[in-house]
Amino acid sequence: MNRRETLKLMGGATALSVAGLPSLSWADTPKEMVTVVKIAGIPWFNALEKGIQKGAKDFSINASMVGPANVDPAQQVKLLEDLIAKKVAVIGLVPLDVKVCEPVLKRAQAAGIKVITHEGPEQEGRDWNVELIDSVRFGEVQMERLAKDMGGKGEYVVYVGTLTTPLHNKWADAAIAYQKKNYPDMKLVADRFPGADEIDTSQRTTQDVIKAYPNLAGILGFGSNGPIGAGNAVRQQRLQKKIAIVGTVLPSQAKALINDDIIREGFLWNPTDAGYAMVAVASLVLNGKPITDGVEVPGLGKAAVDVAGKQIKVDKIMRINKETVDGLIAGGL
Amino acid sequence: MPDSLKAALARFRRSHEFWLLAVILLLCAGLGVANAQFLTMQNLFDLLTSYAFVGILALGLLVVLIAGGIDISFTATASVAQYVALAFANAYGANWFTVFAIAMGTGLALGAINAQFIQKLRIPSIIVSVATLNIFYGLLIFVTGGKYIYSLPDWFATGIFWFEFDWGKTSSYGVNLQILVLGVSFLITWLLLNRTNIGRQVYAMGGNPDAAQRLGFHTFRLNMLVYCYMGVMAGAASLVQAQLAQSVAPTVLVGKELDVVAAVVLGGASLSGGVGTVLGTFLGLTLLAVLQNGLILLGVSSYWSQLFVGLVILISVSVTAWSQRERRARRVRA
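Here the protein sequences line up with chains R and L, keeping their order.
Going by the numbering used here, the first sequence opens with residue -1, and the numbers climb by one from there.
Going by the numbering used here, the second sequence opens with residue 116, and the numbers climb by one from there.
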């Protein structure tokens, strides 16, 4: 057999299997949902994947998760294109860049694929966006906590991942506005600092900030490594009695700093719940259930729904403090 | 003043390093006047500590650049070395000597892989190191599942603290692990490049590889040494970073290549090989560190800080280029 014949045979086999498979399996195999996340292999999305797997079992959807190896929007687009070609029933997405993802999502919708996003309130080309927190409320709750530790007065600074990370800056805006309204004796002494995605950057920033503003009494860190870096710096300089730290952290990472009262309290939403919620919403959509305000999302309770804005919100702020931290770590966070 | 010293000074006045030093001194004077906190021992120690990681990597990269190559896989090498060394320490117990031996040994092995491909197959070093960056990093993420290590052995988390002295109210300062390793790295790299036969061969090979080969240099052995040196430095730097951050996070180092490249190139090393000094790298690193630090101390809004960093880099590089052009023009006229 020469090469051409072999190729022809192989081609024939592929065509056969493509034509044959769907008709064989359509009826009894569950529909497929693939969720594209920001980056594969980091603890946050490993926890989210657990929720997706649990949802897959509970709702009989063949749900799985993929993600690029680097934080790169172009690679997300590539993965999304593959999913369109694969003709999955639902695409889940935690977008890195809403503009970059928009055209390919619209193509997916045109092909009849449902699109469910998470952390993408501004994403065009979606059917629903699922959030476990209200962005404004999330910022306010953390400011409330910081204000409590600062006695409602004194100087503070705010860290974000980058100056353009949408959610971090939204929380920061909300927190600062809340302080201006309710705690006039507190003062934001500098514009928000970037770098809260990396421990060593926020550690260095904190060392500098402590020197530049000797009366500093509070640090609010958005971006899961911000409070950790700040905490390391504050511990080194033995300033934990003077400077209160509050912010978003991962429980296992923050445990030591929380137990030493350096990070006064951490806030987060549970990524496992988020993964589960995405599959739950997908199941509602696939089964043609109407989604209106107050709809019961299985396993998560009542949701606030903005039908025109395509937003589904379940209020699930997770508080990480001395009492809760061990339980959360046991739960795999 | 003896003539030789005078000649050396005159040579220094014409060098890239001189202008860089001038920019730095100007900047420091300005910052010192503007904020009393800037010219303090405390700030000096903080700066040295937080830039040790970038500095050690910069020294490794300097040697590679002088040899006429480039390596950007060092962040992945560092991530792997860090993970291997501290996972081992957690599982089987270790001491300072063994963790450094493991981390630097891992770096050495990965550097040797780079050198093999670059030298044996004659693939451009940038392509090889882009590929190995992804391979090393990809394997690490695959094997570890991206899990962070938060609990480090006590002796490692505590670090070292020599020549402790008190400074002001509650803080005390001393030579810590970061500063010690940074200092040793500078010393060894300076000795290697300026006081050994190998160092001179590295400069010669970077300046003109064909000539070096015809002169009978063992270019394979030299390249092997250069990339392994980079790997060893990455291993040492990785532990310095892990000790500072008090954790091992496999995903945070990759992506910092440009900080390191910027420090070395700003220090006058040429991307086309044969040129570069340890002093220049030190000054390049200092300029970047002082800038970042100074902007916060001055209370410059973070929205502006990147713009300033870019401007100062551009100005300091332009000053050098301008002074060199002047000199060339004068030589032509003469």
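Even for Gly, the Cβ is constructed at its ideal location relative to N, Cα and C.
Proximity of residue 187(L) and residue 245(L) at Cβ, strictly below 8 Å: To locate residue 187(L), count along the second sequence from 1; it is residue 72. To locate residue 245(L), count along the second sequence from 1; it is residue 130. For residue 187(L) and residue 245(L), yes; Cβs fall inside 8 Å.
Kindly indicate which three-state DSSP category residue 309(L) falls into: helix, strand or coil? As a working note, residue 309(L) is residue 194 in the second sequence. Three-state DSSP puts residue 309(L) in a helix.
Using only alpha-carbon positions, find the residue among 395(L), 243(L), 238(L) and 121(L) that is nearest to residue 137(L). Position 22 of the second sequence, counted from the start, is the residue given in the question as residue 137(L). Considering only alpha carbons, the answer is 395(L).
Per DSSP, what kind of secondary structure is residue 127(R) in: helix, strand or coil? Numbered from 1 along the first sequence, position 129 holds the residue referred to as residue 127(R). Looking at residue 127(R) - three-state DSSP - the assignment turns out to be strand.
Of the residues that make up the segment 360 to 385 of chain L, which ones have a beta carbon closer than 9 Å to any beta carbon in chain R? 360, 361, 362, 364, 365, 366, 367, 369, 370 and 371
Would the C-beta of residue 125(L) count as close to the ligand SAM, meaning under 7 Å from any of its heavy atoms? Summarising the ligand content, the structure contains no ligands, and the ligand SAM is consequently not present.
Residue 253(L): first and last residue of the uninterrupted alpha helix (DSSP H) it sits in: Reading the second sequence from its first residue, position 138 is the one you call residue 253(L). Counting along the chain, the alpha helix (DSSP H) containing residue 253(L) begins and ends at 240 to 259.
What does DSSP give as the partner residues of residue 267(R) in its beta bridges? Taking the first sequence and counting its residues from 1, one reaches residue 267(R) at position 269. Answer is 315(R), bridged to residue 267(R).
Would residue 191(R) count as contacting chain L if we go by Cβ distances under 8 Å? Working through the first sequence from its first residue, we reach residue 191(R) at position 193. So yes, residue 191(R) belongs to the interface.
Excluding sequence positions up to five away, which residues of its chain have a Cβ less than 6 Å from the Cβ of residue 168(R)? Residue numbering aside, residue 168(R) sits at position 170 when the first sequence is read from its first letter. Cβ-Cβ distances below 6 Å link residue 168(R) to 133 in the same chain, with the five nearest sequence neighbours on each side left out; the list follows chain order.
What number of angstroms, rounded off, separates the C-alpha of residue 191(R) from the C-alpha of residue 160(R)? Here residue 191(R) is taken as the residue at index 193 of the first sequence, counted from 1. Here residue 160(R) is taken as the residue at index 162 of the first sequence, counted from 1. About 8 Å.
On the criterion of 16 or more Cβ atoms from any shown chain inside 10 Å, does residue 435(L) qualify as buried, or is it exposed? Position 320 of the second sequence, counted from the start, is the residue given in the question as residue 435(L). Buried.
At the level of alpha carbons, what is the spacing between residue 23(R) and residue 58(R)? Counting from one through the first sequence, the residue named residue 23(R) turns up at place 25. Counting from one through the first sequence, the residue named residue 58(R) turns up at place 60. Summary for residue 23(R): the model assigns pLDDT 42, below 50, so the residue's position carries little reliability, and this model does not support an answer.
At the 8 Å Cβ level, is residue 121(L) part of the contact set with chain R, yes or no? Residue mapping note: residue 121(L) aligns to position 6 of the second sequence, counting from 1. So, not an interface residue.
Indicate the three-state DSSP secondary structure (helix, strand or coil) for residue 62(R) in the structure shown. For the purposes of this step, residue 62(R) is taken as residue 64 along the first sequence, with counting starting at 1. If DSSP states are grouped into helix, strand and coil, residue 62(R) belongs with the strands.
How many Å lie between residue 131(L) and residue 232(R) at the Cα? Position 16 of the second sequence, counted from the first residue, corresponds to residue 131(L). Position 234 of the first sequence, counted from the first residue, corresponds to residue 232(R). Rounded to whole angstroms, residue 131(L) to residue 232(R) spans 39 Å at the Cα level.
At what residues does the alpha helix (DSSP H) containing residue 53(R) begin and finish? For the purposes of this step, residue 53(R) is identified with residue 55 of the first sequence, where counting begins at 1. Counting along the chain, the alpha helix (DSSP H) containing residue 53(R) begins and ends at 41 to 57.
Cutoff 7 Å; reference residue 294(R); Cβ partners in own chain excluding five residues on either side: Your numbering for residue 294(R) matches position 296 in the first sequence. Once the five neighbours on either side are set aside, the close Cβ partners of residue 294(R) are 300.
Which residues in chain L sit within 7 Å of residue 271(R), going by Cβ to Cβ distance? Taking the first sequence and counting its residues from 1, one reaches residue 271(R) at position 273. Correct list: empty, because the minimum Cβ distance to chain L is about 20 Å.
How many whole angstroms separate the CB atoms of residue 318(L) and residue 389(L), which I take to be in contact at a CB cut-off of 8 Å? Working through the second sequence from its first residue, we reach residue 318(L) at position 203. Working through the second sequence from its first residue, we reach residue 389(L) at position 274. That belief holds up - the Cβ atoms of residue 318(L) and residue 389(L) are roughly 6 Å apart, short of 8 Å.
Which residue from 404(L), 218(L), 205(L) and 298(L) puts its Cα closest to that of residue 193(L)? On the second sequence, residue 193(L) is found 78 positions in, with the first residue counted as 1. Considering only alpha carbons, the answer is 218(L).
Under the three-state DSSP convention, the category residue 153(R) falls into: Along the first sequence, read from residue 1 onward, the residue named residue 153(R) stands at position 155. If DSSP states are grouped into helix, strand and coil, residue 153(R) belongs with the strands.
Is the segment 201 to 210 of chain L touching the segment 325 to 341 of chain L in the sense that three or more CB pairs, one from each, lie closer than 8 Å? Inter-segment contact for the segment 325 to 341 of chain L and the segment 201 to 210 of chain L is absent: fewer than three beta-carbon pairs are separated by less than 8 Å.
Just reading off the alpha helix (DSSP H) that residue 161(R) is part of, what are its end residues? Here residue 161(R) corresponds to residue number 163 of the first sequence, with the count starting at 1. Neither: residue 161(R) is in no alpha helix (DSSP H) and is coded neither H nor E.
Less than 8 Å between the beta carbons of residue 166(L) and residue 363(L), yes or no? In the second sequence, the residue the question calls residue 166(L) occupies position 51. In the second sequence, the residue the question calls residue 363(L) occupies position 248. Not closer than 8 Å, so no.
Count the other C-beta atoms from every protein chain shown that fall within 10 angstroms of the C-beta of residue 433(L), then say buried if there are 16 or more, exposed otherwise. The residue you call residue 433(L) lines up with position 318 of the second sequence. That one is exposed.
Length at least 3, wholly inside the segment 299 to 381 of chain L: the beta strand (DSSP E) runs in chain order: You should have found no qualifying run.
May I have the straight-line CA-CA distance separating residue 21(R) from residue 249(L), to the nearest angstrom? Locating residue 21(R) in the first sequence gives position 23, counting from the first residue. Locating residue 249(L) in the second sequence gives position 134, counting from the first residue. With a pLDDT of 41 at residue 21(R), under the threshold of 50, the predicted position of this residue should be treated as unreliable, though the coordinate-derived value follows. Cα-Cα distance, rounded: 40 Å.
Using the C-alpha atoms, what's the distance from residue 184(R) back to residue 145(R)? In the first sequence, counting from the first residue as 1, residue 145(R) sits at position 147. In the first sequence, counting from the first residue as 1, residue 184(R) sits at position 186. Their backbone Cα atoms lie some 8 Å apart in a straight line.
Going along chain L, which residues have a C-beta under 8 Å from residue 47(R)? Counted from its first residue, the first sequence places residue 47(R) at position 49. Under the 8 Å cutoff, chain L gives no residues; its nearest Cβ is about 10 Å from residue 47(R).
In whole angstroms, give me the CA-to-CA distance for residue 124(L) and residue 189(L). Position 9 of the second sequence holds residue 124(L). Position 74 of the second sequence holds residue 189(L). Rounded to whole angstroms, residue 124(L) to residue 189(L) spans 36 Å at the Cα level.
8 Å Cβ shell around residue 12(R) - same chain, five flanking residues per side excluded: The sequence position of residue 12(R) within the first sequence is 14, counting from 1. Confidence at residue 12(R) is low in this model, with a pLDDT of 46, below 50, so the placement of that residue is unreliable and no value is reported for it.
Indicate whether at least one CB of chain L lies closer than 8 Å to the CB of residue 217(R). On the first sequence, position 219 is the one that residue 217(R) refers to. It does not; no Cβ of chain L falls within 8 Å.
Distance, residue 175(R) Cα to residue 150(R) Cα: By one-based count along the first sequence, residue 150(R) stands at place 152. By one-based count along the first sequence, residue 175(R) stands at place 177. Taking the straight line joining both Cα atoms gives about 14 Å.
Of all the alpha helix (DSSP H) runs that stay within the bounds of the segment 132 to 215 of chain L, which reach a length of 4 or more residues? 156 to 181 and 189 to 207
Please classify residue 256(R): is it buried, with 16 or more other beta-carbons within 10 angstroms of its beta-carbon, or exposed? Position 258 of the first sequence holds residue 256(R). So residue 256(R) ends up on the buried side.
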